[in-house]
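Colleague:
Protein chains in written order, with this note's numbering: chain A, 1 to 137; chain B, 1001 to 1137; chain C, 2001 to 2137; chain D, 3001 to 3137.
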């Protein structure tokens, strides 16, 4: 291989390394594993328990919105927004932990589900309708 | 700039483009925006409504585990695993949509929250204890 | 009517009054209406909002149990038991409020649903099995 | 005792019997115990599992309201109303079962909590405000 191509290849390898490291979901997953192991919390992180922790956090999220109008829910002040962002983070943490414990690839599962939704709710058929039986779940 | 470095720069640019495109959460976020727009569902996607949709999906997740023992919850068969993976996907979809509507960077918020958790629950102090007041929420 | 029967009738009327007053769900319903009216909170008590408040309280309930084993969940200490009893009360409050706003008779609806469950899950057929598709929902 | 009073006493006793039988929550509690025992489901009815079943039902309730406006949530059609009444019944069933398993008197706990709420939210102070930190939980 010519030196020039050798150089390019090395740069590409270094970049690909960064790409892997930078997959943000994978990165959080690995750091959560370490976080749990350091605290010896693995024993509590059964899928059953994690599903409960996830919905308890979702309950805290809902609590922020329960007395707001739709308009108010779109216009949170900075303090509310910070608090809500931390609730979303808590849910994400348990979602990633749960997927990890079950060896589920969260991104792959989501892409798969989005394909199903695309077929289930053809744009021309459900346009503008939010009937609960024709929504994306 | 010498031709050789020019070539390297071009390769790096192309790679960096791919890195951006391949951020999986961002990618899903953009496709969900399109999915919602094509169906004219933007009107229903208020933060308040999305928080409800998220917890309703979390309820479906919990339903899978409610009568299982911890051991059973770790050993789902393939059919259960597929169904659970789709529930996780549904939750992820609404989590990403909600963050998007509120202009919250989900990854950044999660990293921020994980730093808070790290300080709140020092490993040496909480090791092996799952007291609900000293867990990661 | 003879004096004797007159006396009996009066006692019966007084007792029937007590029966009405003592229907505990109805009694709580009426006191909650008053509680809400005194605070001018009627405006926030839409069925939609009340369903959110109810599930947020259910999330607080779940939080108490999420890291406990089944055995631990059966043996709460007095402090936990008091806290859990107040979560159950919060859920009951919103359940009664929601039924009231929708003019649903909670007791009648429950009796109706229990009849459906009885037919759906014949004892001899589901005995000892907790398959989620053959349980009482 | 004179015959007349004897008669009154007998009527009162019969009425008091009916009063006891007619406490609707107690009545449902006893019938649920029987329902569970006949199906040998006692083993699954741990407080932990019942808290999960309760919130899963609450999720089904929320699903009915998630895409509705406040106004629409007040004006359900008969079919929706019937479905929602059955979700409320499902939640009530698990609430009563959970209280029963923990030996909590649901009515007593609710009355106790309502007294706390009354002190926590003085009418003159919170009138017309739904700030989530000054609401009734």
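Note that the Cβ used here is the ideal one computed from N, Cα and C, for glycine as well.
In this structure, does DSSP put residue 3097 of chain D in helix, strand or coil?
Modeller: The count along the fourth chain starts at 1 and reaches residue 3097 of chain D at position 97. DSSP places residue 3097 of chain D in helix when its eight states are reduced to three.
Colleague: Do residue 2048 of chain C and residue 3065 of chain D have their C-beta atoms closer together than 7 angstroms?
Modeller: Within the third chain, numbered from 1, the residue matching residue 2048 of chain C stands at position 48. Within the fourth chain, numbered from 1, the residue matching residue 3065 of chain D stands at position 65. Cβ atoms of residue 2048 of chain C and residue 3065 of chain D: closer than 7 angstroms.
Colleague: For the alpha helix (DSSP H) that residue 2111 of chain C lies in, which residues bound it at each end?
Modeller: Within the third chain, residue 2111 of chain C is the residue found at index 111, counting from 1. Element bounds for residue 2111 of chain C: 2106–2120.
Colleague: Please report whether the beta-carbon of residue 2132 of chain C lies at a distance below 7 angstroms from any beta-carbon of chain A.
Modeller: Your numbering for residue 2132 of chain C matches position 132 in the third chain. Annotation note: pLDDT 48 at residue 2132 of chain C (below 50); position unreliable, coordinate value reported separately. False, the Cβ-Cβ gap to chain A never drops below 7 angstroms.
Colleague: Determine the extent of the alpha helix (DSSP H) in which residue 70 of chain A is found, giving its start and end residues.
Modeller: For this step, residue 70 of chain A is matched to residue 70 along the first chain. Here the alpha helix (DSSP H) through residue 70 of chain A covers 70–74.
Colleague: Can at least three beta-carbon pairs, one atom from the segment 2078–2087 of chain C and one from the segment 3071–3078 of chain D, be found at a separation below 8 angstroms?
Modeller: Touching, no, given that fewer than three Cβ pairs across the two stretches are closer than 8 angstroms.
Colleague: How far does the alpha helix (DSSP H) with residue 130 of chain A in it extend, from its first residue to its last?
Modeller: Taking the first residue of the first chain as 1, we reach residue 130 of chain A at position 130. First-last for residue 130 of chain A: undefined, no H or E at that position.
Colleague: What would DSSP say about residue 1049 of chain B, mapped onto helix, strand or coil?
Modeller: Position 49 of the second chain, counted from the start, is the residue given in the question as residue 1049 of chain B. Note: residue 1049 of chain B maps to helix in three-state DSSP.
Colleague: Would you mind working out which of D:3008, D:3042 and D:3025 sits nearest residue 2123 of chain C, comparing C-alpha positions?
Modeller: Within the third chain, numbered from 1, the residue matching residue 2123 of chain C stands at position 123. Measuring from the Cα of residue 2123 of chain C, the nearest candidate turns out to be D:3042.
Colleague: Are residue 1110 of chain B and residue 104 of chain A touching if we call contact CB-CB under 7 angstroms?
Modeller: For the purposes of this step, residue 1110 of chain B is taken as the residue at position 110 of the second chain. For the purposes of this step, residue 104 of chain A is taken as the residue at position 104 of the first chain. Their beta carbons are not under 7 angstroms apart, which means residue 1110 of chain B does not touch residue 104 of chain A by this criterion.
Colleague: Are the CB atoms of residue 1144 of chain B and residue 25 of chain A nearer to each other than 7 angstroms?
Modeller: This structure cannot settle anything about residue 1144 of chain B, because the visible part of chain B is limited to 1001 through 1137.
Colleague: Just the C-alpha distance for residue 963 of chain B and residue 86 of chain A, rounded to the nearest angstrom, thanks.
Modeller: Residue 963 of chain B falls outside the range modelled here, since chain B spans only 1001 to 1137, and no answer is possible.
Colleague: For a contact defined as C-beta to C-beta under 8 angstroms, what are the partners of residue 3065 of chain D on chain B?
Modeller: Here residue 3065 of chain D is taken as the residue at index 65 of the fourth chain, counted from 1. Correct list: 1052.
Colleague: When we look at the beta-carbon of residue 1106 of chain B and count the other beta-carbons within 10 Å, is it buried (16 or more) or exposed?
Modeller: For the purposes of this step, residue 1106 of chain B is taken as the residue at position 106 of the second chain. Buried.
Colleague: Taking all protein chains shown into account, do 16 or more other C-beta atoms lie within 10 angstroms of the C-beta of residue 1102 of chain B, making it buried, or fewer, making it exposed?
Modeller: Counted from its first residue, the second chain places residue 1102 of chain B at position 102. Classification for residue 1102 of chain B: buried.
Colleague: Given this structure, state the Cα-to-Cα distance separating residue 88 of chain A from residue 1092 of chain B, to the nearest angstrom.
Modeller: Sequence index remark: in the first chain, residue 88 of chain A carries index 88 (1-based). Sequence index remark: in the second chain, residue 1092 of chain B carries index 92 (1-based). Between residue 88 of chain A and residue 1092 of chain B, the C-alpha separation is close to 10 angstroms.
Colleague: Excluding five sequence neighbours on each side, which residues of the same chain lie with their C-beta closer than 7 angstroms to the C-beta of residue 3096 of chain D?
Modeller: Your numbering for residue 3096 of chain D matches position 96 in the fourth chain. Result list for residue 3096 of chain D: 3025, 3028, 3029, 3032 and 3106, in chain order.
Colleague: Kindly indicate if chain A contains any beta-carbon less than 7 angstroms away from that of residue 3055 of chain D.
Modeller: For the purposes of this step, residue 3055 of chain D is taken as the residue at position 55 of the fourth chain. Closer than 7 angstroms: yes.
Colleague: Does DSSP put residue 2030 of chain C in a helix, a strand or coil?
Modeller: Residue 2030 of chain C sits at position 30 when you count from the first residue of the third chain. Note: residue 2030 of chain C maps to helix in three-state DSSP.
Colleague: Are the C-beta atoms of residue 1030 of chain B and some chain A residue less than 7 angstroms apart?
Modeller: As a first step, residue 1030 of chain B must be located in the second chain, where it is residue number 30. No, no contact with chain A.
Colleague: Taking only three categories from DSSP, how would you classify residue 3043 of chain D?
Modeller: In the fourth chain, residue 3043 of chain D corresponds to position 43, counting from 1. Residue state, collapsed to three classes: helix.
Colleague: Using only alpha-carbon positions, find the residue among C:2113, C:2129, C:2094 and C:2119 that is nearest to residue 3113 of chain D.
Modeller: Here the question's residue 3113 of chain D lines up with position 113 in the fourth chain. Residue 3113 of chain D has its Cα closest to that of C:2094, out of C:2113, C:2129, C:2094 and C:2119.
Colleague: Tell me, to the nearest whole angstrom, how far the beta carbon of residue 1090 of chain B is from that of residue 1057 of chain B; I am working on the premise that it is less than 8 angstroms.
Modeller: Position 90 of the second chain, counted from the first residue, corresponds to residue 1090 of chain B. Position 57 of the second chain, counted from the first residue, corresponds to residue 1057 of chain B. Between residue 1057 of chain B and residue 1090 of chain B the Cβ distance is about 4 angstroms, and since that is below 8 angstroms, they are a contact.
Colleague: Excluding the 5 residues preceding and the 5 following residue 2060 of chain C in the sequence, name in chain order all residues of the same chain whose CB lies nearer than 8 angstroms to its CB.
Modeller: Working through the third chain from its first residue, we reach residue 2060 of chain C at position 60. Taken in chain order, the residues that qualify are 2087 and 2090.
Colleague: Who are the near neighbours of residue 3119 of chain D in its chain, counting only those whose CB is closer than 6 angstroms to its CB and skipping five residues on each side?
Modeller: The count along the fourth chain starts at 1 and reaches residue 3119 of chain D at position 119. Excluding sequence neighbours, residue 3119 of chain D sits near nothing in its chain.
Colleague: Check each candidate in A:116, A:67 and A:52 and name the one with the smallest Cα separation from residue 2050 of chain C.
Modeller: The residue you call residue 2050 of chain C lines up with position 50 of the third chain. The option with the nearest alpha carbon to residue 2050 of chain C is A:67.
Colleague: Can you find a C-beta in chain A that's less than 7 angstroms from the C-beta of residue 1122 of chain B?
Modeller: Locating residue 1122 of chain B in the second chain gives position 122, counting from the first residue. Not an interface residue.
Colleague: Is residue 1058 of chain B close to chain A? Criterion is C-beta to C-beta, closer than 7 angstroms.
Modeller: Within the second chain, the letter at position 58 stands for residue 1058 of chain B. Residue 1058 of chain B counts as touching chain A.
Colleague: In whole angstroms, what separates the C-alpha of residue 3128 of chain D from that of residue 3108 of chain D?
Modeller: Counting from 1 along the fourth chain, the entry for residue 3128 of chain D is found at position 128. Counting from 1 along the fourth chain, the entry for residue 3108 of chain D is found at position 108. Those two C-alpha atoms are separated by around 28 angstroms.
Colleague: How would you list, in chain order, the residues of chain D whose beta-carbon sits under 9 angstroms from the beta-carbon of residue 1062 of chain B?
Modeller: Within the second chain, numbered from 1, the residue matching residue 1062 of chain B stands at position 62. Here the neighbours are 3052, 3053, 3055, 3056 and 3059.
Colleague: Taking all protein chains shown into account, decide if residue 3139 of chain D is buried (16 or more other Cβ within 10 angstroms of its Cβ) or exposed.
Modeller: Only positions 3001 to 3137 of chain D appear in this structure, which leaves residue 3139 of chain D out of reach.
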